[in-house]
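Numbering (this note's numbering), first residue to last: 1299 to 1837. Glycine included, every Cβ here is placed at the ideal spot set by N, Cα and C. A short write-up of the structure that comes next.
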C-alpha cells in the first residue's frame, strides 16, 4: 500500500476542498455586495425573521461560522441584541446544510470542465460582476475536484483491516463516533469540510449511514469552536451569544443521539433511491431544521440561561437611533428637533471614540482600540440614518423658511462630526501599528502628545456643549482652543524634527507622531466649523 500516495491525495484533496468552499464563499459575498451585515442588523426585529435572515445570509456566504461570527461581532458592537442573535444563529445552522446538499450531487467527473468555465469568466472578462461569478464557478469546481482526490486517496484504506475494523467499531460505538466528529471538526475548523469528507468515505462504502450519523452530529458540535474563539476578549453579550451556539448544537446532538434508530429510519425513508452522500445531506438538514423548530419558541429561556451562566453587566452600546421616528415626519418641525438630539448623540460617540483611540495609544490596551473602532462604525451608521432622516425632513412642506435654513446648517454638521470619528479611527489604527511594530516615542514626544490630546478633547467637548445650548461663549472658547491646537501642531512638529535630527527618535516613531499631530489638528478644524455655525445661529 502506497501510504505517500494516500496521504498526499487526502491532504491535497482536503486543501482543494477547503479552498473551493472559501473561494466560492468569497465570490458569493462579493457578487451579493456588502449587504450581509446590513441584512443581519436591519431585519432581525423578531426571532422568526432573524432565523430567516440567518438562513439567507448563510446560503449567500456558504459559511455558518461566518454568519455566527458576524452576529457575535454585531452583538459585541451593540448593533444587535442577544435575542436577535439567537434567531440568526439558529438560522445559520439551517443555511449551512446547503453545502452538504451541493456535495450530495455527484458531479465529480465534471469538476475540471466546471473549473475551466470559471477560469474563462475570471481571466477573459473585465467586468467585476462576471469575475465574481467566475470565482463562484471556479470554487464550485475546485470543491468537487478536492472531493474526487480525497475519494481516490482513501479508497485503498477500504482493504486495510485496521481501518475497516475501526469503522465497524465506530458503528457499534456511537458515542466514540460522536467524539471523532467533534474532534475532527475542531481540528479542521470547518464542519462543511468534515461533513464533505464523511460523505466521501460513506460513498466509498467504508462506513454505513448508521455509523455516519453520530459523526455528523459530532461535526455540528465541533463547529461551535469557531464562535467560541470569536468571542474571546469580546463583550459579555458576545460571549453569551457564542454559548447559545454551543448549547443549540450540543443539546440537539444529545436529542438526536437518543433518537438515533428513529432518525436513521426517517433518513432512509426520505432518501430512498438516492446516494449515501445525499442521505447524509438529508440527515444534516433534518438535524438543523428540527433543532431550529424545537429551540425557536424557547429563545427567551435560552437568553435567560446564558445570562445566568455568564454573569456580569453587558457593556452594550446603545446603537439604535433613539430619537428618529418616521411618524414625526408629518410634523417636520418636531422631526427636526428629534434629529438635532440624534446629531448631538452622534457627537458624543465621536468624542468617546477620540478618547478611546488616544487612550489606546498610551495604554496599549487592545480592548480600547477595538472599542474605538466599533464606536466609529456606529458613527458611520448613525451618519447614514440621520442623513436619510434629514433628507426626508427637507422634502416636507411644513418647515418655515428660517427653520429650513437652520435644518440645512445642521445637515452640514453631520459631516463634521463624522470626520472627527474618522480622525479618531486613524489614531486607533496608528496606535495599533505602533503596538505591533513596537514603535516607542521619547518621553518628550509622549508628553507633547498627551498635552495636545487633552486640548483636542476639550475642544470637541466645548463644541458639542455650544451646539447643544447654542452658547456663543462656549463657541468662542472652541475658536481659541482651535488656534492653540494649530500653534501646538506647528511647535511640536518643529520640536520633533529637531529630535529626529539629533537621533533621539526613529523614523518610524517620527512618522506616527506627526500623523497623530495632524489628525488632532484636523479634529480642531471640524470643532471650529461647529463653533462657527453656533455663532452664526446667535446672530
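As summarised for the stretch 1379-1445, the continuous alpha helix (DSSP H) elements at least 4 residues long and confined to that stretch are 1380-1393, 1395-1402, 1409-1422, given in chain order. Note that the stretch 1633-1644 touches the stretch 1674-1687; at least 3 beta-carbon pairs, one per stretch, sit closer than 8 Å. Your pair residue 1542 and residue 1592 does not check out as a contact, with CB atoms roughly 14 Å apart and the cut at 8 Å. Take residue 1655, set aside five residues on each side of it, and the residues of its chain with a beta-carbon closer than 6 Å to its own are 1670, 1722, 1725, 1726, in chain order.
Proximity of the stretch 1679-1690 to the stretch 1748-1763 falls short of the contact definition, fewer than three beta-carbon pairs being nearer than 8 Å.
Under the DSSP assignment, residue 1587 falls in the alpha helix (DSSP H) whose first and last residues are 1574-1593.
Residue environment analysis places residue 1778 among the exposed positions, since fewer than 16 neighbouring C-beta atoms fall within 10 angstroms of its C-beta.
Here the alpha carbons of residue 1409 and residue 1574 stand approximately 20 Å from one another.
Within the same chain, and ignoring the five residues on either side of residue 1321 in sequence, the residues whose Cβ sits closer than 7 Å to its Cβ are 1433, 1436, 1437, 1440. DSSP places residue 1797 in the uninterrupted alpha helix (DSSP H) bounded by 1770-1799.
Sequence-distant partners of residue 1597 (beyond 5 residues in either direction) whose C-beta falls short of 7 Å from its own C-beta, in its chain, are 1345, 1381, 1384, 1385. In this structure residue 1767 is exposed. Its beta-carbon is surrounded by fewer than 16 other beta-carbon atoms within 10 angstroms. DSSP places residue 1600 in the helix class (H, G or I) of the three-state scheme.
The alpha-carbon separation between residue 1786 and residue 1389 amounts to approximately 54 Å.
Assignment of residue 1608 by DSSP, reduced to helix, strand and coil, places it in the coil class. In this structure, DSSP gives residue 1737 a state outside helix and strand, which the three-state scheme calls coil.
Contact check for residue 1590 against residue 1370 fails: the beta carbons are separated by 9 Å or more. Taking the Cα of residue 1583 as reference, the smallest distance to any Cα among 1594, 1565, 1571 is reached at 1565. With contacts defined as CB atoms closer than 9 Å, residue 1553 and residue 1512 fail to qualify as a contacting pair. At the C-beta level, residue 1791 and residue 1815 come within 9 Å of one another. Inclusion of residue 1431 and residue 1421 in the CB contact set at 9 Å is not warranted, their separation being larger than that value.
Contact check for residue 1447 against residue 1314 passes: the beta carbons are separated by less than 9 Å.
Between the C-alpha atoms of residue 1630 and residue 1748 there is a straight-line separation of about 44 Å. Pairing residue 1312 with residue 1672, the inter-Cα distance amounts to about 36 Å. Taking 9 Å as the cut-off, the beta carbon of residue 1394 is found no closer than this to the beta carbon of residue 1540. Excluding the 5 residues flanking it on each side, residue 1357 has same chain C-beta neighbours closer than 7 Å at 1393, 1396, in chain order. For residue 1622, no alpha helix (DSSP H) run applies, since DSSP gives it neither H nor E. In this chain, the alpha helix (DSSP H) harbouring residue 1638 covers 1630-1661.
The Cβ atoms of residue 1534 and residue 1620 do not sit closer than 9 Å to each other. The closest CA to that of residue 1831, considering only 1711, 1775, 1789, is found on 1711. The beta carbons of residue 1780 and residue 1813 sit about 19 Å from each other, so the pair does not count as a contact at 8 Å.
With contacts defined as CB atoms closer than 9 Å, residue 1739 and residue 1687 fail to qualify as a contacting pair. In this structure, residue 1581 places its C-beta atom within 9 Å of the C-beta atom of residue 1514. Ranked by how close their Cα comes to the Cα of residue 1595, the residues 1546, 1637, 1585 have 1546 in first place.
The distance from the Cβ of residue 1520 to that of residue 1544 is about 11 Å, inconsistent with a contact at the 8 Å cut-off. Closest by C-alpha distance to residue 1548, out of 1648, 1471, 1476, 1659, is 1476.
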